[in-house]
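Participant:
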Amino acid sequence: MSEQLVAVLDWIAVLCLLVGAALSLVAGVGLVRFPDLLSRMHTAAKPQVLGLLLVLVGIGLRIAPQETGVFNTGTLVLVGLFQVLTVPVAGHIASRVAYRTGRIRDDLLVSDELAERIAERRGGAPPGESGDRQA
Amino acid sequence: MTVLWIAIAVLLGLAALLSTARLMLGPSILDRALSVDVLVASALTGIGAYAAVNRDPSVLPILLVLSLIGFVSSVSVSKFVARRHLGEHLRGSAAGGREGPGGAAGADGRGRNA
Numbered sequence: 019m020s021e022q023l024v025a026v027l028d029w030i031a032v033l034c035l036l037v038g039a040a041l042s043l044v045a046g047v048g049l050v051r052f053p054d055l056l057s058r059m060h061t062a063a064k065p066q067v068l069g070l071l072l073v074l075v076g077i078g079l080r081i082a083p084q085e086t087g088v089f090n091t092g093t094l095v096l097v098g099l100f101q102v103l104t105v106p107v108a109g110h111i112a113s114r115v116a117y118r119t120g121r122i123r124d125d126l127l128v129s130d131e132l133a134e135r136i137a138e139r140r141g142g143a144p145p146g147e148s149g150d151r152q153a
Numbered sequence: 533m534t535v536l537w538i539a540i541a542v543l544l545g546l547a548a549l550l551s552t553a554r555l556m557l558g559p560s561i562l563d564r565a566l567s568v569d570v571l572v573a574s575a576l577t578g579i580g581a582y583a584a585v586n587r588d589p590s591v592l593p594i595l596l597v598l599s600l601i602g603f604v605s606s607v608s609v610s611k612f613v614a615r616r617h618l619g620e621h622l623r624g625s626a627a628g629g630r631e632g633p634g635g636a637a638g639a640d641g642r643g644r645n646a
């Protein structure tokens, strides 16, 4: 590859890495500032994954001129794929456990459709009066 | 360009520091599991930045392993919390109903796991 092309790729890679690191910082700030578990889960799931994907793109652009082979690119794609697949699953399981064990703040919820659904399943008891959330 | 690499390192260090702060503040074990997850993702990003700076592809398998370990750890902590809560719930209902619903349960859950 020509020198100019490598320089352009390097600048794009640095830009991707910079934006990715900034998004990681956003995730950290949200983790400290947000009030309860569900909103923290939002910041841990979305900006973190986007930042990591941008960093992976940056690594690919930095490595591509030097190492030509499918192995490195394949590893990067696999890491991105695993993140995109596993982070929503982990967030879903953690938020489900938090809801069922009562570790979320009800006063911050705008709407709670799961409580209505659980009440329906239990036979019409209003959500505030069911004994617990082990439905 | 060196300035930009240093800026990337500083941003990642700050992110790791903030998630460590949440790890220490708590208040419940699920918050801590979540912050460990973010910490692992920051480590992934940092190792990736190292690979990009040095054009060194030999650390890429570490990224693969770390991403899977983060998933397994957060899911197993969640399952542990659910099972322990179920045990407490069974004991509590045997003793005649211990826990109030709704917001009271939320406050109770946070206090119990501080």
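In order, the protein sequences belong to chains A and B. Position one of the first sequence corresponds to residue 19 (this note's numbering), numbered consecutively onward. Position one of the second sequence corresponds to residue 533 (this note's numbering), numbered consecutively onward. Backbone N, C-alpha and C fix where the C-beta goes; we use that ideal spot for every residue, glycine too.
With distances taken between CB atoms, is the gap from A/T91 to B/L592 smaller than 7 angstroms?
Facilitator: No, the pair does not count as a contact, with Cβ atoms beyond the cut-off.
Participant: Looking only at its chain, what residues have a beta carbon closer than 6 angstroms to the beta carbon of B/I540, apart from the 5 residues adjacent to it on each side?
Facilitator: Correct list, in chain order: A581.
Participant: Taking 7 angstroms as the threshold (beta carbon to beta carbon), is A/T91 in contact with chain B?
Facilitator: With 7 angstroms as the cut-off, A/T91 does not count as an interface residue toward chain B.
Participant: Residues in the region 101 to 115 of chain A with C-beta within 9 angstroms of chain B's C-beta atoms, listed in sequence order?
Facilitator: Of all residues in the region 101 to 115 of chain A, Q101, L103, T104, V105, V107, A108, G109, I111, A112, S113, R114 and V115 have a Cβ within less than 9 angstroms of some Cβ in chain B.
Participant: In whole angstroms, what is the alpha-carbon distance linking B/W537 and B/S590?
Facilitator: C-alpha separation (whole angstroms): 20 angstroms.
Participant: Starting from B/D569, follow the alpha helix (DSSP H) in both directions and report where the run begins and ends.
Facilitator: It spans I561 to N586 - the alpha helix (DSSP H) in which B/D569 sits, taken as one unbroken run.
Participant: Nearest CA to the CA of A/R121: which residue from B/M556, B/V535 and B/S560?
Facilitator: For the residues B/M556, B/V535 and B/S560, the minimum Cα distance to A/R121 belongs to B/S560.
Participant: A/A202: which of B/M556, B/L571 and B/L562 sits nearest, CA to CA?
Facilitator: The requested residue 202 of chain A does not occur in the structure, where chain A is confined to residues 19 to 153.
Participant: If you follow the alpha helix (DSSP H) that A/D182 is in, where does it begin and where does it stop?
Facilitator: In the structure displayed, chain A extends from 19 to 153; residue 182 of chain A sits before or after that span and is not available.
Participant: Leaving out the 5 sequence neighbours to the left and right, which residues in its chain are closer than 6 angstroms to B/V490 when beta-carbon positions are compared?
Facilitator: Within the shown structure, residues of chain B are numbered from 533 to 646, placing residue 490 of chain B beyond reach of any answer.
Participant: Mind checking A/R118: buried by the 16 CB within 10 Å criterion, or exposed?
Facilitator: Its Cβ being crowded by 16 or more others within 10 Å, A/R118 is buried.
Participant: A/I77: buried (16+ other C-beta within 10 angstroms of its C-beta) or exposed?
Facilitator: Buried.
Participant: Name the residue from A/E131, A/H60, A/V95 and A/L55 whose alpha carbon lies nearest to the alpha carbon of B/S599.
Facilitator: Comparing Cα-Cα distances from B/S599 to each of A/E131, A/H60, A/V95 and A/L55, the minimum goes to A/V95.
Participant: Hey, A/A31 and A/L79 are a contact pair by Cβ (cut 8 angstroms); roughly how many whole angstroms apart?
Facilitator: 4 angstroms between Cβ atoms; contact.
Participant: Thinking just about the alpha-carbon of each residue, which of B/F603, B/R587 and B/T552 is nearest to the one in A/I111?
Facilitator: Comparing Cα positions, the closest option is B/F603.
Participant: Do B/A547 and A/S42 have their CB atoms nearer than 7 angstroms?
Facilitator: Yes, they are a contact pair.
Participant: Determine whether the beta carbon atoms of A/I71 and A/G98 lie at a separation below 7 angstroms.
Facilitator: The sequence as given places Leu at residue 71 of chain A; Ile does not occur at that position. For A/L71 and A/G98, yes; Cβs fall inside 7 angstroms.
Participant: Are the Cβ atoms of B/T577 and A/V73 separated by less than 7 angstroms?
Facilitator: Result yes, Cβ atoms of B/T577 and A/V73 sit closer than 7 angstroms.
Participant: Would you mind reading off the limits of the alpha helix (DSSP H) that contains A/Q101?
Facilitator: Where A/Q101 is concerned, the enclosing alpha helix (DSSP H) stretches over V88 to R118.
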